[in-house]
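**Student:**
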Amino acid sequence: MLKFCLVIDSERFISFGQINPRWNSWDKIKGKINSVVKRFRYNYDGFNIIYRSVLENKFPATFMLVGKFFKPINSPDFIDWGYHTHNHLPLTLLDDEKVKREIKNIYKAKSFCPPLWMVESERNPNRIFKMLEKESYKRVIYKGEDREHANKNNFAINPLIRRGKLDLIHVSNTFEGNSSKKYMSLLFKDIADNLEKDAVYCVCTHDFTHKNSHNLLKLISFLRRLERDKKIKISNVKNV
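Mapped onto the working numbering, the consecutive letters of the sequence shown carry residue numbers -6 to 233.
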């Protein structure tokens, strides 16, 4: 049976002040435009919309917190609090001391999501994993190997991947609060087409894209129907 987990990268607008190391010149121009219009196009308090929705629907989810802005809230067990570094920096491009500061497990979290999923570099694949182990993380969201600035990684639907003392959960898909109706339909179809797999379907989203709960509630409703039919198991990252 397919297992499903929802990951919410909770970072407010921090990424708008940063340059994605994978961007080409055109991407950088679009990034600057997005930064200018962010308060019109996005929602600084999108976290609150998502948190209320999963709480009211008792829907398992993992919030990956940027420590500069967020800390865990006393909540039911179906909500998992993970870490998304302190300043949302690309780990594979940092030296060891900076990585240690970014991943320091200040909330004693079990789950971790690296910014931009940059955690395994082609040059030194185990460097950051070993540091995450020392901070007592257990589950890491993963999207494949990076070639420094180049984006080599991809979506996949896999069982848990054991790496040392860590379990890696491969990102299967994403959606956002402003994703189109067509995009959401394709996401639902992809989940439905893979129900027979003995694997984890991990979907990631960003808090700041949610100006309302429309897409999230559609996803929750779709998954609850599958769960009632015993076609899928919904879990947070810590318990997947």
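A virtual CB, placed ideally from N, CA and C, is assigned to each residue, including glycine.
#1: Measure how close the beta-carbons of F201 and Y35 come, nearest whole angstrom, since I'm counting them as under 8 Å.
#2: My output table needs one value for I150: the three-state DSSP class, helix, strand or coil.
#3: Inspect the CB distances between the stretch 0 to 10 and the stretch 53 to 65 and report whether three or more fall short of 8 Å.
#4: In whole angstroms, what is the alpha-carbon distance linking I184 and S228?
#5: Could you pull the start and end residues of the beta strand (DSSP E) that S3 belongs to?
#6: Pick helix, strand or coil for S172, following the three-state DSSP scheme.
#7: Terminal residues of the continuous alpha helix (DSSP H) containing P87?
#8: Of the choices M177, E189, G170, K231, whose alpha-carbon is the least far from that of I42?
#9: Under a Cβ-count criterion, where at least 16 other Cβ atoms within 10 Å of its own Cβ denotes burial, should P152 be classed as buried or exposed?
#10: DSSP three-state call for F215: helix, strand or coil?
#11: Express the C-alpha separation of C106 and R238 in angstroms, rounding to a whole number.
#12: At the level of alpha carbons, what is the spacing between E113 and K204?
#13: Could you tell me whether the stretch 185 to 197 touches the stretch -5 to 2, where touching means 3 or more Cβ pairs closer than 8 Å?
#14: Look at the alpha carbon of F181 and the alpha carbon of I154, and state the distance between them as a whole number of angstroms.
#15: Going residue by residue through the stretch 81 to 145, where are the continuous alpha helix (DSSP H) segments of at least 4 residues, counting only ones entirely within it?
#16: Is the separation between the beta-carbon of I116 and that of I162 shorter than 9 Å?
#17: Short check: CB of D139 to CB of M177, under 9 Å?
#18: Would you kindly work out how many angstroms separate the C-alpha atoms of D89 and Y135, rounded to a whole number?
#19: Starting from G75 and walking both ways along the alpha helix (DSSP H), at which residues does that stretch end?
**Tutor:** Checking against the coordinates, here is how it stands:
#1: By one-based count along the sequence shown, residue 201 stands at place 208. By one-based count along the sequence shown, residue 35 stands at place 42. Between Y35 and F201 the Cβ distance is about 5 Å, and since that is below 8 Å, they are a contact.
#2: Residue numbering aside, residue 150 sits at position 157 when the sequence shown is read from its first letter. If DSSP states are grouped into helix, strand and coil, I150 belongs with coil.
#3: yes
#4: Translated into positions along the sequence shown, residue 184 becomes position 191. Translated into positions along the sequence shown, residue 228 becomes position 235. Straight-line Cα distance between these residues: approximately 15 Å.
#5: Here residue 3 refers to the residue found at position 10 of the sequence shown. Per DSSP, S3 belongs to the beta strand (DSSP E) from -5 to 3.
#6: Along the sequence shown, one-based indexing puts residue 172 at 179. Correct three-state label for S172: coil.
#7: By 1-based counting over the sequence shown, the position of residue 87 is 94. Before going further, note that residue 87 is Leu rather than Pro in the sequence given. No alpha helix (DSSP H) holds L87; DSSP gives it neither H nor E.
#8: Translated into positions along the sequence shown, residue 42 becomes position 49. Closest by alpha carbon: G170.
#9: Locating residue 152 in the sequence shown gives position 159, where the first residue counts as 1. Label assigned to P152: exposed.
#10: For the purposes of this step, residue 215 is taken as residue 222 along the sequence shown, with counting starting at 1. Here F215 sits in helix by DSSP.
#11: Outside the shown range of the chain, which is -6 to 233, sits residue 238, and nothing can be said about it.
#12: The residue labelled residue 113 in the question sits at position 120 within the sequence shown. The residue labelled residue 204 in the question sits at position 211 within the sequence shown. Rounded to the nearest angstrom, the two C-alpha atoms are 33 Å apart.
#13: yes
#14: For this step, residue 181 is matched to residue 188 along the sequence shown. For this step, residue 154 is matched to residue 161 along the sequence shown. Approximately 24 Å, taken between the alpha carbons.
#15: 89 to 96, 120 to 127
#16: Here residue 116 refers to the residue found at position 123 of the sequence shown. Here residue 162 refers to the residue found at position 169 of the sequence shown. For clarity, residue 116 is Arg in the given sequence; the question names Ile instead. For R116 and I162, no; Cβs fall outside 9 Å.
#17: Position 146 of the sequence shown, counted from the first residue, corresponds to residue 139. Position 184 of the sequence shown, counted from the first residue, corresponds to residue 177. Not in contact: D139 and M177 (Cβ atoms no closer than 9 Å).
#18: Position 96 of the sequence shown, counted from the first residue, corresponds to residue 89. Position 142 of the sequence shown, counted from the first residue, corresponds to residue 135. Each residue's Cα considered, the two are about 20 Å apart.
#19: Position 82 of the sequence shown, counted from the start, is the residue given in the question as residue 75. Note, G75: premise wrong, no alpha helix (DSSP H); beta strand (DSSP E) at 72 to 76.
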